[in-house]
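Here my numbering is used: the first residue of the sequence shown is 233, the next is one more, and so on. Scroll down for the structure; my scribbles are underneath it.
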Amino acid sequence: MAKYNTKTKAVTPIVTNHQGGDGFKYDPKTELVAILATGLENKYYEKEGEREKRLSQVIAEVAKKDKLFAAKALIYARTVMGQRTVTHFGAVELAKVLSGDKLGTRFFSKRSRKANAGGIIYRLDDMLEIASCYMARNPGKPLSNAIKKGFKLALENADTYELAKYQASNRDLSLVDIVNLVHPKPSKEMASTFAKLMKGELKQFNTVEDKNTKAGQEVALHVKEGRMTKAEAEVVLAEAKEDNYAELIETRKIGYLELIRNLRNILKTGAKAELIKSACDLLIDEKMIKKSLVFPHQIDLALEIMLDEFGTKATPFVKALNTAYELAIPNLTELFSHGRTAVVYDTSASMSSAQWGGGVKINGKSINKAPIDKAALIGATLAKGINADLYQFASTCAPIKYNPMDSVNTIKNIGLKQEGKVGHGTSFDSIFQTLSLNGKYDRIFIISDLQGGDSIVRGSSYQTYKSKHGQPYIYTIDIQGYGTTMFKQDSKLIQLFGYGADIYEYVKKAELDPKALFKAIEAIEI
233 MAKYNTKTKA VTPIVTNHQG GDGFKYDPKT ELVAILATGL ENKYYEKEGE REKRLSQVIA
293 EVAKKDKLFA AKALIYARTV MGQRTVTHFG AVELAKVLSG DKLGTRFFSK RSRKANAGGI
353 IYRLDDMLEI ASCYMARNPG KPLSNAIKKG FKLALENADT YELAKYQASN RDLSLVDIVN
413 LVHPKPSKEM ASTFAKLMKG ELKQFNTVED KNTKAGQEVA LHVKEGRMTK AEAEVVLAEA
473 KEDNYAELIE TRKIGYLELI RNLRNILKTG AKAELIKSAC DLLIDEKMIK KSLVFPHQID
533 LALEIMLDEF GTKATPFVKA LNTAYELAIP NLTELFSHGR TAVVYDTSAS MSSAQWGGGV
593 KINGKSINKA PIDKAALIGA TLAKGINADL YQFASTCAPI KYNPMDSVNT IKNIGLKQEG
653 KVGHGTSFDS IFQTLSLNGK YDRIFIISDL QGGDSIVRGS SYQTYKSKHG QPYIYTIDIQ
713 GYGTTMFKQD SKLIQLFGYG ADIYEYVKKA ELDPKALFKA IEAIEI
């Protein structure tokens, strides 16, 4: 062993983050996962175009050394995280390095849900979005051979229901256009279906839109022919729509996301108690919840809409949605039976002011629009699920008192009502100053955009906390994906990303295996 000419230790460089504080840049693979998990929508510190540019650069950087990981990360984001637009853009960027590689055809093919293997095409409309994005970014250029071959396979493995549902005949780019571009060779059994598709004769079936459209057309014809008045038509149409919902719900031919999107319409038809009960039974079907890739916040959003628009009239749906939300999350009640846990979420200006895609306005009120809404929801879920102490931080840090018997939605709203009480800056140092007053915590969750105006590298309350209480596990949940973190990587730092149900799966595994998320990505079969 060399005595004098010893090995140098790798130094992780400190970078200046968006707030002007000391941060650490993610390695390329981690940055890729962070962007995929948090999407391309405008953020407080980054516009959509800037995020697209950064995603393009990081895909090229990762793919240069490990294109298979880049492909698996995109498929994981689409099929496990449930992300769409960011994966379509990413797939187009990855196409640049898949030319002449057999991986390219497999990557752009259809994913088998039964076998849990295959490519990025989770639904046939993924092809339309990828192709549209490719054409927008490569004007006048034909689709790459990898995309064409993959799409051809996807179409040849599609069934009649999928072809009918996703034909998009009213869009600039339709399924017929894709067929004309890639020339699939359907089996004998599917030949007539493709012939109908190409002639515009393939009709949707067993969808809410299809059934309600037909009912509307029939009633309109009766009014036109003078067989009923407009007032009578409104009653008949409402009854017809209720019958349609009842049929689709009872036969379970309505998708889960389609169901929660139509809860308002079901109530507006004046639905009978029997239909509402059937809908509630479907809402709390755990298998349907898991299969749908529904984001937990989408269930919470539906719940908020029901409360805001219908009040007590929506009570059965509100109860079912509360249950559905908890079913969407892995059971956390027996997790961390040892030691103490703190859950801290960021309520600073960059969290409360940034517009987050996917929210809506109901009666002039924004719901689930800003990152703080997601952070509060994650914080409430973790606090209730593992019986943790709950805090908020911005310029300072303070506890949030809650009743563990309340619903997650109620705990979330208790926290949101206290927004602003700790200022609007972002001091990570304040977290550990406050937590130290309450004794030792074995693990600390920090839900944030991870951009601070201070430093916790040295001479900070974090260092003091570790000296006094020992080093806790630090779980950072990055819900904006800017590419940097306040925390230096070590064996007790666990990094999670986004706001989907998958983050709770990795909470259960992380202390035993901090790399569980990346191992799950590596395990994806293409």
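Cβ coordinates follow ideal geometry from the N, Cα and C atoms, glycine included.
Close CB contacts of Phe660 within its chain, under the 7 Å cut and outside five residues either way in sequence, are with Gly684, Asp686, Ile688, Met718 (chain order).
Membership of Gln624 in the beta strand (DSSP E) is indicated by the continuous run 621-625. Taken through DSSP and simplified to helix, strand or coil, Phe719 comes out as coil. The beta-carbon distance between Ile758 and Arg338, rounded to whole angstroms, is 5 Å. This is short enough to meet the 8 Å contact definition. The Cβ atoms of Gly351 and Ser364 lie no closer than 8 Å to each other.
About 7 Å separates the beta carbon of Thr716 from that of Leu682, a gap short enough to meet the 8 Å contact definition.
The beta carbon of Thr262 is closer than 7 Å to those of Gln727 in its chain, skipping five residues each way along the sequence. Straight across, the Cα-Cα distance linking Lys285 with Ala292 is about 11 Å. Here the alpha carbon of Ala295 sits roughly 16 Å from the alpha carbon of Ala266. Proximity to Thr319 across Ser419, Lys328, Tyr308 peaks at Tyr308, based on C-alpha coordinates.
At least 8 Å separates the beta-carbon of Ile531 from that of Leu567. Unbroken alpha helix (DSSP H) stretches of 4 residues or longer found wholly inside the stretch 242-317: 260-270, 280-311, given in chain order. By the Cβ neighbour-count rule, Ser401 is exposed, with fewer than 16 other Cβ atoms within 10 Å of its own.
Among the bridge pairs identified by DSSP, Leu728 is matched with Ile709.
Pairing Lys485 with Asn563, the inter-Cα distance amounts to about 28 Å.
The beta carbon of Ser662 sits closer than 6 Å to the beta carbons of Phe625, Thr628, Cys629 from its chain, once the five residues preceding and following it are set aside; these are given in chain order. Here Ile516 carries a coil assignment [DSSP, helix/strand/coil]. Bounds of the alpha helix (DSSP H) holding Ser699 are 693-701. Phe527 sits in coil when the DSSP states are folded into three classes, being neither helix nor strand. In the three-state reduction of the DSSP assignment, Pro631 falls in the strand class, which pools E and B. Its Cα nearest to that of Ser419, the residue Ala390 stands out among Ala390, Ser406, Arg403, Lys435. For Thr573, the enclosing beta strand (DSSP E) starts and ends at 573-578. Between the stretch 390-399 and the stretch 419-434 there are three or more inter-stretch CB-CB distances shorter than 8 Å, so the stretches are counted as touching. About 23 Å separates the beta carbons of Glu506 and Leu559, which is beyond the 8 Å limit, so they are not a contact pair. In this chain, the beta strand (DSSP E) harbouring Arg675 covers 675-680.
Distances from the alpha-carbon of Gly322 to those of Val290, Lys509, Gly652 put Val290 closest. Cβ contact annotation for Asp674 (same chain, cutoff 8 Å, sequence separation greater than five): Phe568, His570, Gly571, Arg572, Thr573, Pro704, Tyr705, in chain order. The beta carbon of Leu648 sits closer than 6 Å to the beta carbons of Ala608 from its chain, once the five residues preceding and following it are set aside; these are given in chain order.
For Glu394, the three-state secondary structure derived from DSSP is helix. At least 8 Å separates the beta-carbon of Val550 from that of Ala615.
Secondary structure at Ser582: helix, using DSSP grouped into helix, strand and coil. Leu330 and Gly336 have their C-alpha atoms spaced approximately 5 Å apart. In this structure Glu278 is buried. Its beta-carbon is surrounded by 16 or more other beta-carbon atoms within 10 angstroms. Looking at the DSSP output, Ser344 sits in a beta bridge with Ala349.
Its chain contains Leu395, Ala396, Gln399, Thr425, Lys428 as the residues whose beta carbon lies nearer than 7 Å to that of Leu434, once the 5 sequence neighbours on both sides are disregarded; these appear in chain order. The C-beta separation of Leu387 from Pro416 comes to about 4 Å, placing the pair in contact by the 8 Å criterion.
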